[in-house]
Amino acid sequence: MVFNYMSKLILISVKEKYVEEMLAGRKTIELRKSSPKAEPGDMLIIYTTQPKKAITAIATVKQIIKCSPCEMWQRYSTRLGIDADGFNKYYQDHNKAVGIELTSVLPLNEAILLSAIKLIHPDFTPPQTFKYLKKFSTLRDFKHLIV
1 MVFNYMSKLI
11 LISVKEKYVE
21 EMLAGRKTIE
31 LRKSSPKAEP
41 GDMLIIYTTQ
51 PKKAITAIAT
61 VKQIIKCSPC
71 EMWQRYSTRL
81 GIDADGFNKY
91 YQDHNKAVGI
101 ELTSVLPLNE
111 AILLSAIKLI
121 HPDFTPPQTF
131 KYLKKFSTLR
141 DFKHLIV
């Protein structure tokens, strides 16, 4: 994974079962209802929700896919890491689906626990959708955890 200094760092929250699917290579598209301001090459920092409550992986954005939920399912169902019932419940009453196609999904050597993040940034809360991180201050604050 090559980190481009122009790329953005985007923190996303993902349920543990979907992070496991990403790391296994079965889920290469992360579904969302709204689109992040992301471009190919931007880096996703993946926060695994309860019960883990930790940053556990990173990935690179390959592309953002925007289409109807029907089209998303027809074209990409084998890459979404979710069954038809879960997909339909997620997009119930929505006419737009967003997929973040991922590449180079890598686990961190050690998870960065929410409790550790709060020691450095007491007001930190995991995002409901996306949180855009300031690259240099984030890397400075956590460099001892990612080396």
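The numbering of the sequence shown is full-length UniProt numbering, which starts it at 1 and goes up by one.
Glycine is no exception: its CB is placed at the ideal position from the N, C-alpha and C atoms.
Contact holds between the segment 99-106 and the segment 56-70, because three or more Cβ pairs, one in each stretch, are under 8 Å apart. With 16 or more other Cβ atoms inside 10 Å of its own Cβ, Ala54 counts as buried. DSSP places Lys62 in the uninterrupted beta strand (DSSP E) bounded by Ala54 to Cys67. In this chain, Phe124 is not harboured by any alpha helix (DSSP H), its DSSP state being neither H nor E.
Bounds of any beta strand (DSSP E) do not take in Gly81, whose DSSP letter is neither H nor E. Per the Cβ contact rule, the segment 32-46 is not in contact with the segment 71-79 (fewer than 3 Cβ pairs under 8 Å).
Counting every other CB atom within 10 Å of its CB across the protein chains shown gives Ala38 a total of 16 or more, marking it as buried. In the structure shown, Ser115 falls within a helical segment according to DSSP collapsed to helix, strand and coil.
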